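Student: What follows is a single structure, and I will ask about it in a moment.
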Amino acid sequence: MQSVPPNSSSSPNSTSSSNSAPKYEFFKVIQNYLDDASKLIQMPEYIRSILSQPKNEIIVNFPVRMDNGDYRLFKGYRIQHNNILGPYKGGMRYHEHASLDDFKALAAMMTWKCSLMNLPFGGGKGGIKFSPHGVSRSELSRITRRFFHALGSNIGPDYDIPAPDVGTNSQTMAWALDTYMNSVGMVSKQSVMGVVTGKPVSFGGTYGREKATGQGLVHCVLDWADRARFDIKGKKLMVQGFGNVGSHAAVLLSHLGVSLVAVGDHTGYLYNPEGFNAHRLMQYVQQNGSIAGYANGTKITREQFFATQADIFVPAALENQIGVAEAEALQVQLVAEGANGPCSPEGEEILKKRGIEILPDVLCNAGGVTVSYYEWVQNRRSEQWTITEVDERLEGAMRDAYDRMARFAKLNNCDYRRACYAVALQRLTQVYTEREIFP
Ligand code: NAD
Numbered sequence: 019m020q021s022v023p024p025n026s027s028s029s030p031n032s033t034s035s036s037n038s039a040p041k042y043e044f045f046k047v048i049q050n051y052l053d054d055a056s057k058l059i060q061m062p063e064y065i066r067s068i069l070s071q072p073k074n075e076i077i078v079n080f081p082v083r084m085d086n087g088d089y090r091l092f093k094g095y096r097i098q099h100n101n102i103l104g105p106y107k108g109g110m111r112y113h114e115h116a117s118l119d120d121f122k123a124l125a126a127m128m129t130w131k132c133s134l135m136n137l138p139f140g141g142g143k144g145g146i147k148f149s150p151h152g153v154s155r156s157e158l159s160r161i162t163r164r165f166f167h168a169l170g171s172n173i174g175p176d177y178d179i180p181a182p183d184v185g186t187n188s189q190t191m192a193w194a195l196d197t198y199m200n201s202v203g204m205v206s207k208q209s210v211m212g213v214v215t216g217k218p219v220s221f222g223g224t225y226g227r228e229k230a231t232g233q234g235l236v237h238c239v240l241d242w243a244d245r246a247r248f249d250i251k252g253k254k255l256m257v258q259g260f261g262n263v264g265s266h267a268a269v270l271l272s273h274l275g276v277s278l279v280a281v282g283d284h285t286g287y288l289y290n291p292e293g294f295n296a297h298r299l300m301q302y303v304q305q306n307g308s309i310a311g312y313a314n315g316t317k318i319t320r321e322q323f324f325a326t327q328a329d330i331f332v333p334a335a336l337e338n339q340i341g342v343a344e345a346e347a348l349q350v351q352l353v354a355e356g357a358n359g360p361c362s363p364e365g366e367e368i369l370k371k372r373g374i375e376i377l378p379d380v381l382c383n384a385g386g387v388t389v390s391y392y393e394w395v396q397n398r399r400s401e402q403w404t405i406t407e408v409d410e411r412l413e414g415a416m417r418d419a420y421d422r423m424a425r426f427a428k429l430n431n432c433d434y435r436r437a438c439y440a441v442a443l444q445r446l447t448q449v450y451t452e453r454e455i456f457p
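Every position in the sequence shown, counted from 1, becomes a number in my numbering once 18 is added.
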């Protein structure tokens with residue numbers, strides 16, 4: 019088989035079909051979904067217009083001393099989309115192709131997600147435009163610390179609460195919390211634990227947060243399987259992106275008898291018809307940073323990956339990965355969106371025409387922010403819940419949201435994505451209508 023050219027050499031935000039496809043603009047895609055759903059619930063125009071733009075767009079440029087003594091200037095972002103339901107909440111992404119447009123789209127999606135999940139949070143997102151793979155650990159620590167220092171009082175446990183996303187993890191959040199604690203003064207230091215979530219368990223984190231997004235996705239897959247009378251045992255899985263979301267989803271599904279036959283990340287794609295040991299692959303990636311060099315699989319191209327014979331596909335990398343060509347190639351019955359925005363609108367149309375079901379991002383990856391909320395509550399109460407408590411609450415929350423989405427879709431004859439948006443927008447509309455616009 020042909021070896022895989024690393025995807026990182028081309029823009030990861032473009033699909034292989036991007037030459038013929040219209041230009042992908044993530045924020046416009048999200049605004050269009052908002053428009054569709056607002057019509058479904060007859061949302062007043064003034065609320066639609068408020069929600070079509072973020073409240074605040076913060077950009078900071080900050081210098082960092084690199085290991086060789088040089089100084090490098092970095093650009094950091096924090097988009098605060100909406101806080102009518104509570105403090106802004108959302109991840110921090112470190113990626114070389116990250117843009118203001120992406121962060122605006124991702125922040126808006128956090129508003130819908132928190133609303134759908136009935137959480138007392140609004141939506142935010144941010145990060146830094148650079149590749150975390152290209153710097154040392156100590157450089158990464160200094161970049162993170164200078165970024166959070168530069169954000170200053172633009173974040174806070176009752177105002178805006180970051181979490182991990184692509185290219186960041188619990189270690190990033192530990193540096194962020196330590197930096198924030200050391201900038202608020204001795205007296206307040208111990209009361210700001212909740213300024214970030216997704217922290218290490220030893221430093222204010224919660225049990226279950228690492229796997230939460232993958233776990234929430236698995237609850238959605240099981241709910242879908244129950245309703246579709248689809249026995250997932252013995253079924254085949256393909257996963258794009260084997261970081262936090264993709265690896266946990268694969269491991270948890272493997273416990274239910276689902277076999278991971280194809281996997282890919284920023285370094286390439288691998289195939290194993292006998293099924294990978296998802297747990298071992300996760301450990302390999304944790305040690306080596308990617309799937310590159312993993313022995314138990316054959317290298318395949320990105321095109322071959324998308325044409326793999328399987329039953330369930332979990333995109334868990336980046337937005338705009340399933341364009342026209344990928345949607346035409348996919349041989350699965352279900353796409354469970356671990357990533358935010360993995361389907362382009364054109365790709366989504368083709369999947370629908372082909373009868374391939376989509377479990378939409380706004381619900382399917384909402385387990386992460388839901389358990390982040392549990393972490394924030396534990397920090398406020400100085401409590402530590404058991405893994406069983408966290409798991410039970412998450413399962414209840416996911417099943418409840420799935421049910422509300424499915425009922426809306428049935429009643430209004432719309433797809434699950436529009437239903438998620440509509441249910442989320444109903445709650446926001448009610449609050450805007452009751453509170454009214456100040457003054
Ligand atoms: P991560 O950094 O842990 O993993 C990202 C994975 O994507 C890595 O395996 C990376 O190699 C792969 N990747 C990057 N560029 C790629 C490319 N061009 N082609 C193929 N693979 C590529 O990130 P994560 O936290 O697992 O996030 C993945 C997705 O899930 C993102 O869309 C993120 O917004 C979404 N998400 C994450 C969480 C969370 O709790 N971490 C919650 C909700 C949604």
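In this text, a Cβ means the ideal position worked out from N, Cα and C, and glycines have one as well.
Keep in mind the model is a prediction, meaning the values are calculated, not measured.
1. Could you give the first and the last residue of the continuous beta strand (DSSP E) run that contains serine 103?
2. Rounded to whole angstroms, what is the Cα-Cα separation between tyrosine 177 and serine 149?
3. Suppose contacts are defined by Cβ-Cβ distances below 9 Å. Is valine 257 in contact with alanine 246 by that definition?
4. Which word fits aspartate 88, buried or exposed, when buried means at least 16 other C-beta atoms lie within 10 angstroms of its C-beta?
5. Measure the C-alpha to C-alpha separation of aspartate 409 and glycine 226 and round it to an integer number of angstroms.
6. Looking at the strands, I want to know which residues DSSP matches up with leucine 446.
7. Suppose only complete runs of 4+ residues qualify. What are the alpha helix (DSSP H) ranges in the region 286-340, listed by chain order?
8. How close, in whole Å, do the beta carbons of tyrosine 51 and arginine 445 come, if the pair is a contact with beta carbons under 8 Å?
9. Taking the alpha helix (DSSP H) that valine 1 belongs to, which residues open and close that run?
10. Relative to the ligand SAM, is the shortest distance from any of its heavy atoms to the C-beta of serine 117 smaller than 8 Å?
11. Would serine 21 be called buried (16 or more neighbouring beta carbons within 10 Å of its own) or exposed?
12. Could you please give me the residues that DSSP links to proline 81 through a beta bridge?
13. Would you say the beta carbon of asparagine 459 is closer than 8 Å to some non-hydrogen atom of the ligand NAD?
14. Taking the alpha carbon of arginine 83 as the reference point, which residue from Thr162, Lys147, Lys41 and His237 has its own alpha carbon closest?
15. Taking only beta-carbon atoms, is isoleucine 318 less than 9 Å away from chain D?
16. State the DSSP-derived secondary structure class of methionine 423, mapped to helix, strand or coil.
17. Please state whether DSSP places cysteine 361 in a helix, a strand or coil.
18. Is it the case that the Cβ atoms of glycine 144 and tyrosine 95 are separated by a distance below 9 Å?
19. What ranges does the beta strand (DSSP E) occupy inside the region 211-297, keeping only unbroken runs of at least 3 residues that lie completely in it?
20. Tell me the DSSP secondary structure of leucine 137 in three-state form.
21. Would you say the beta carbon of asparagine 200 is closer than 8 Å to some non-hydrogen atom of the ligand NAD?
22. Ignore the nearest five residues each way along the sequence and tell me which others in alanine 437's own chain have a CB closer than 6 Å to its CB.
23. Taking alanine 55 as part of the alpha helix (DSSP H), name the residues at either end of that continuous run.
24. Quick one: using the 10 Å Cβ neighbour count with 16 as the cut-off for buried, is valine 279 buried or exposed?
25. Within 8 Å: the Cβ of glycine 359 and any heavy atom of the ligand NAD?
26. Taking only three categories from DSSP, how would you classify isoleucine 97?
27. Pick from Gln189, Leu103 and Asp433: whose alpha carbon is nearest that of methionine 110?
28. Drop a sphere of 10 angstroms on the beta-carbon of valine 449, count the other beta-carbons inside from all chains shown, and report buried for 16 or more, exposed for fewer.
29. In this structure, does DSSP put valine 353 in helix, strand or coil?
30. What's the gap between the Cα of glycine 293 and the Cα of glycine 373?
31. Could you check if aspartate 283 belongs to the surroundings of the ligand NAD, using beta carbon to heavy atom distance under 8 Å?
32. What first and last residue would you give for the alpha helix (DSSP H) that runs through aspartate 494?
33. Mind checking who leucine 377 pairs with in its DSSP beta bridge?
34. Going by beta carbon distance, what residues of the same chain come within less than 7 Å of proline 105, once the five residues before and after it are set aside?
35. Would you mind working out which of Pro363, Trp403, Thr406 and Leu336 sits nearest serine 117, comparing C-alpha positions?
36. Look at alanine 415 and asparagine 136 and say whether their C-beta atoms are less than 9 Å apart.
Tutor: This is what the structure gives:
1. The residue given as residue 103 occupies position 85 in the sequence shown. Looking at the sequence shown, residue 103 is not serine but leucine. Unbroken run through leucine 103: none, as it is neither H nor E.
2. As a working mapping, residue 177 is identified with position 159 in the sequence shown. As a working mapping, residue 149 is identified with position 131 in the sequence shown. Cα to Cα, tyrosine 177 sits roughly 28 Å from serine 149.
3. Your numbering for residue 257 matches position 239 in the sequence shown. Your numbering for residue 246 matches position 228 in the sequence shown. No, the Cβ-Cβ distance between valine 257 and alanine 246 is not below 9 Å.
4. The sequence position of residue 88 within the sequence shown is 70, counting from 1. Per the 10 Å Cβ criterion, exposed.
5. Walking along the sequence shown from the start, residue 409 turns up at place 391. Walking along the sequence shown from the start, residue 226 turns up at place 208. About 7 Å.
6. As a working mapping, residue 446 is identified with position 428 in the sequence shown. Secondary-structure assignment with DSSP links leucine 446 through no beta bridge to anything.
7. Counting only runs of 4 or more, we get 296-306 and 320-324.
8. Looking up residue 51 in the sequence shown gives position 33. Looking up residue 445 in the sequence shown gives position 427. No, tyrosine 51 and arginine 445 are not in contact; Cβ-Cβ is about 16 Å, not under 8 Å.
9. Absent from the structure is residue 1, since the part of the chain shown begins at 19 and ends at 457.
10. Among the ligands modelled here, namely the ligand NAD, the ligand SAM does not occur.
11. Residue numbering aside, residue 21 sits at position 3 when the sequence shown is read from its first letter. Low confidence applies here, because serine 21 scores a pLDDT of 31, under 50, leaving its location unreliable; read the following figure in that light. Serine 21 comes out exposed.
12. On the sequence shown, position 63 is the one that residue 81 refers to. The partner list for proline 81 (beta bridge, DSSP) reads Leu91.
13. Residue 459 is absent from the structure shown; the chain starts at 19 and stops at 457.
14. One-based indexing of the sequence shown puts residue 83 at position 65. Taking only the C-alpha atoms, the option nearest arginine 83 is Thr162.
15. Checking the listed chains, one finds no chain D in this structure; it contains a single protein chain.
16. For the purposes of this step, residue 423 is taken as the residue at position 405 of the sequence shown. In the three-state scheme derived from DSSP, where H, G and I count as helix and E and B as strand, methionine 423 is classed as helix.
17. Start at 1 with the first residue of the sequence shown, and residue 361 comes out as number 343. If DSSP states are grouped into helix, strand and coil, cysteine 361 belongs with the strands.
18. Working through the sequence shown from its first residue, we reach residue 144 at position 126. Working through the sequence shown from its first residue, we reach residue 95 at position 77. Against a cut-off of 9 Å, the Cβ pair of tyrosine 95 and glycine 144 comes out as a contact.
19. Entirely contained in the region 211-297, the beta strand (DSSP E) runs reaching 3 residues are, in chain order, 254-258, 277-283 and 286-294.
20. Here residue 137 refers to the residue found at position 119 when the sequence shown is read from its first residue. Reduced to three states, the DSSP call for leucine 137 is coil.
21. As a working note, residue 200 is residue 182 in the sequence shown. Distances from the CB of asparagine 200 to the heavy atoms of the ligand NAD are all 8 Å or more.
22. Numbered from 1 along the sequence shown, position 419 holds the residue referred to as residue 437. Annotation for alanine 437: Met423, Phe426 and Ala427 place their beta carbon closer than 6 Å to its own, counting only its chain and skipping 5 residues before and after.
23. Position 37 of the sequence shown holds residue 55. DSSP places alanine 55 inside the alpha helix (DSSP H), whose first and last residues are 44-58.
24. What you label residue 279 is simply residue 261 of the sequence shown in a count that begins at 1. Valine 279 comes out buried.
25. The residue labelled residue 359 in the question sits at position 341 within the sequence shown. Yes, Cβ of glycine 359 sits closer than 8 Å to a heavy atom of the ligand NAD.
26. Numbered from its first residue, the sequence shown carries residue 97 at position 79. For isoleucine 97, the three-state secondary structure derived from DSSP is strand.
27. For the purposes of this step, residue 110 is identified with residue 92 of the sequence shown, where counting begins at 1. Between methionine 110 and the set Gln189, Leu103 and Asp433, the nearest pair of CA atoms involves Gln189.
28. Reading the sequence shown from its first residue, position 431 is the one you call residue 449. Of the residues assessed, valine 449 falls on the exposed side of the cut-off, its CB having fewer than 16 other CB atoms within 10 angstroms.
29. What you label residue 353 is simply residue 335 of the sequence shown in a count that begins at 1. DSSP places valine 353 in strand when its eight states are reduced to three.
30. Translated into the one-based positions of the sequence shown, residue 293 becomes position 275. Translated into the one-based positions of the sequence shown, residue 373 becomes position 355. C-alpha separation (whole angstroms): 26 Å.
31. Within the sequence shown, numbered from 1, the residue matching residue 283 stands at position 265. Result yes, Cβ under 8 Å from the ligand NAD.
32. The structure shown does not extend to residue 494, since the chain is modelled only from 19 through 457, so no value can be given for it.
33. As a first step, residue 377 is located in the sequence shown; it is residue number 359 there, counting from the start. According to DSSP, leucine 377 bridges with Ala354.
34. One-based indexing of the sequence shown puts residue 105 at position 87. Cβ neighbours of proline 105 beyond the five flanking positions: Phe139, Gly140, Asp176, Tyr177, Asp178 and Ile179.
35. The count along the sequence shown starts at 1 and reaches residue 117 at position 99. That would be Leu336, whose Cα lies nearest to the Cα of serine 117.
36. As a first step, residue 415 is located in the sequence shown; it is residue number 397 there, counting from the start. As a first step, residue 136 is located in the sequence shown; it is residue number 118 there, counting from the start. Closer than 9 Å, so yes.
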